[in-house]
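Okay, structure first, notes after.
There are 2 protein chains.
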Amino acid sequence: MSKSEKTKENLLIAGQRLFWTRGFSNVSVREIAQAANVDVALISRYFGSKRGLFEATLEKLPAIDPEDFESAEQLVDAIVELFVTAPRRPGEASALTIILSNAGDPESSEPVREAFRRKWGEPMDRIIGDPAKSALMSAAMIGVSVAEKVLLLQGIAAPGDPAYEAQLRAMLEAALTFELVPAVELA
Amino acid sequence: MSKSEKTKENLLIAGQRLFWTRGFSNVSVREIAQAANVDVALISRYFGSKRGLFEATLEKLPAIDPEDFESAEQLVDAIVELFVTAPRRPGEASALTIILSNAGDPESSEPVREAFRRKWGEPMDRIIGDPAKSALMSAAMIGVSVAEKVLLLQGIAAPGDPAYEAQLRAMLEAALTFELVPAVELA
DNA sequence: TCAGCATGTCAACACCCGTTGACTTTTTTT
DNA sequence: AAAAAAAGTCAACGGGTGTTGACATGCTGA
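Residue numbers (the working numbering), protein chains in the order written: chain A, 242 to 428; chain B, 242 to 428.
What follows is the structure in structure tokens.
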């Protein structure tokens, strides 16, 4: 790897960590440069602009590959891994945090939305077949994440709790079989 | 109403509209002042600071009163009204949008979280009895809102669709009866 | 060795931010 | 009508923002 490739990589890693947790507008280029041990000017040089670096980090998001799945049920495991297990590994932020921390900013929410659609939304639609159920599963994951990370609600099992993953899995399966429109009758 | 009360009111209305839709850090005091036809300096004068105005707008959020409910089931109607019907009235932003558009900003997410807890979270806990189910209902509403407003997912019935409200109601009722930990068995 | 390119450094740019204090205007009270 | 209080105006402050271009340094091939 050439020298410049190495500094590009450093900027990407630092940008990823900061952008993904605090959102585009809440992180400054100088802060990223300092975290990457690199001069600020190099961000504009190598990525064109702050936004360019942001979009480059989005490219590093893991994606769902429809080829890997034969049934919708198999998807649940992958989603739990992608949205819950992986983010807990050191250095890997939650994909959902990105969505949330950029929700209010029109400039950054658009590339985030596009990345989500391309990397997860469309593959999930393809696997599940029904866009409504696919959307509902996304909604379930997002809802729990917001409740846990933003509102800091008690009651939902803590992420450290071994029951947490099972609970999310159950919610996803419920979403998968949830009868949409008209409303279901419940006891 | 005295003259100053009127301009305070104008600032609150403008701040409400802008803060609640675009988030604290994505709105400038000059923009609010212009929208309220008022000088910028008056924000600091009347509310102490930008943050002071922000917190003052949060006080105008509608609240849930436990006195009004005898059963958890009655709550579903109120939540749908509060989070779905009311925001569609002109000038009233969604309470959920506030949560989302401030999720990435540590400074503003704290007062938002506090307001949420005081106005909705605790009353809901009181009515439902089980904090886990209460949290799950919040999560359901949030998830659907993010899917609809942020990710712009297709598949979930559009807000204009008469089926939309019934669908949300069904989701809330499902959350209310959803068996948490251990995972439920589904067909 | 020296030219040429790649890479990194630095200071400055124009701009926007929230906040402040001195000032003028308007309203109310004496 | 004069004095006092309230309300509003304006310019400037220090500081942070992303971006740029001139310059210095490093490395590489002729």
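Ideal Cβ positions, reconstructed from N, Cα and C, are used throughout, including at glycine.
Leaving aside the five residues that flank N267(A) on each side, the residues in its chain whose CB is nearer than 8 Å to its CB run, in chain order, S342.
Around the Cβ of R286(A), a 10 Å sphere holds fewer than 16 other Cβ atoms; the residue is exposed. In this structure, S379(B) lies away from D366(B), with their beta-carbon atoms at least 8 Å apart. Look at N267(A): its C-beta is under 8 Å from a C-beta on chain B.
With its beta carbon at least 8 Å from every one in chain B, V321(A) lies outside the interface. Chain B has a Cβ within less than 8 Å of the Cβ of R263(A).
Around the beta-carbon of A304(B), fewer than 16 other beta-carbon atoms lie within 10 Å, marking it exposed. Against chain A, a Cβ distance below 8 Å from L316(B) picks out nothing, because the smallest value is about 14 Å. In the assembly as shown, K291(A) is a buried residue. Its beta-carbon has 16 or more other beta-carbons within 10 Å. Following the DSSP letters along the chain, one finds D306(B) in no alpha helix (DSSP H), marked with neither H nor E. S379(A) belongs to the set of residues whose beta carbon lies under 8 Å from a beta carbon in chain B. Following the DSSP letters along the chain, one finds E355(B) inside the alpha helix (DSSP H) bounded by residues 347 to 357.
The beta carbon of V270(A) does not come within 8 Å of any beta carbon belonging to chain B, so the residue lies off that interface. Within chain A, the residues whose beta carbon sits less than 7 Å from that of S342(B) are A344, G345, listed in sequence order.
The contact set of V387(A) on chain B, defined by CB atoms closer than 8 Å, consists of I340, L341, A344, A380, I383, G384, V387 in chain order. When the Cα atoms are used, W261(B) and A282(A) turn out to be separated by approximately 35 Å. Excluding five sequence positions before and after L252(B), the CB atoms of its chain that fall closer than 8 Å to its own CB belong to I273, A274, A277, V279, L283, I284, Y287, F288, L294, given in chain order. Put simply, of A344(B), A373(B), F310(B), S243(B) the residue whose alpha carbon is nearest the alpha carbon of F265(B) is A344(B).
Just so you know, the alpha carbons of A416(B) and W361(B) end up roughly 17 Å apart.
A Cβ-Cβ contact shorter than 8 Å links L409(B) with V385(B).
Around the beta carbon of D346(A), 16 or more other beta carbons sit within 10 angstroms, so the residue counts as buried. The beta carbon of M382(B) sits closer than 6 Å to those of F324, all from its chain and outside the five residues before and after it, given in chain order. Comparing C-alpha distances from L299(B) to each of R271(B), E314(B), I340(B), L316(B) shows the shortest one belongs to I340(B). At the C-beta level, L413(A) and I320(A) come within 8 Å of one another.
By the criterion of a C-beta distance shorter than 7 Å, S350(B) is surrounded in its chain by N343, A344, once the five residues flanking it on both sides are discounted. Nearest to D309(B) by C-alpha distance, out of V353(B), I368(B), K244(B), is I368(B). With a threshold of 8 Å between beta carbons, A297(A) makes no contact with chain B. Contacts with chain B (Cβ-Cβ distance below 9 Å) from the segment 366 to 378 of chain A involve D366, D371, P372, A373, K374, S375, A376, L377, listed in chain order. Contact note: A356(A) does not reach chain B at a C-beta cutoff of 8 Å; the least C-beta distance is about 11 Å.
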